[in-house]
Amino acid sequence: MEVMVSVCAENPAAGRVFECGDAFATVVLVDAAGAPLPVPCELDLPSDPADPDARRAAGAAGRREARLAERRAITD
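Given below as structure tokens:
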């Protein structure tokens, strides 16, 4: 599962909160032996390509495919 993380900072003297970073984190559910398990949830992916969530989902799929291709290149 890929999770987008946004980091915010606060300047208490100015009373201002601002975004200072974004990142994608990949989270993997594993069993006691360390083998990957399916994540127990269902996602409703948006079908409208103009929807920002649809663009994020498409980007996540592309990044996943790139990670898997890199893994295959290393292990083959």
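Each residue of the sequence shown is one higher than the last, beginning at 14 in our numbering.
Just so you know, even glycine gets a beta-carbon here, dropped at the ideal spot from N, CA and C.
Is the separation between the beta-carbon of residue i and that of residue j shorter than 8 Å?
{"i": "methionine 14", "j": "valine 52", "result": "yes"}
{"i": "serine 19", "j": "aspartate 35", "result": "yes"}
Got a sec, what are the start and stop residues for the alpha helix (DSSP H) residue i sits in?
{"i": "aspartate 66", "result": "65-88"}
What residues match up with residue i in a beta bridge as DSSP calls it?
{"i": "proline 51", "result": "For proline 51, which the question treats as bridged, DSSP gives no partner whatsoever."}
{"i": "alanine 38", "result": "Val16"}
What span of residues does the beta strand (DSSP E) with residue i cover, start to end?
{"i": "serine 19", "result": "15-24"}
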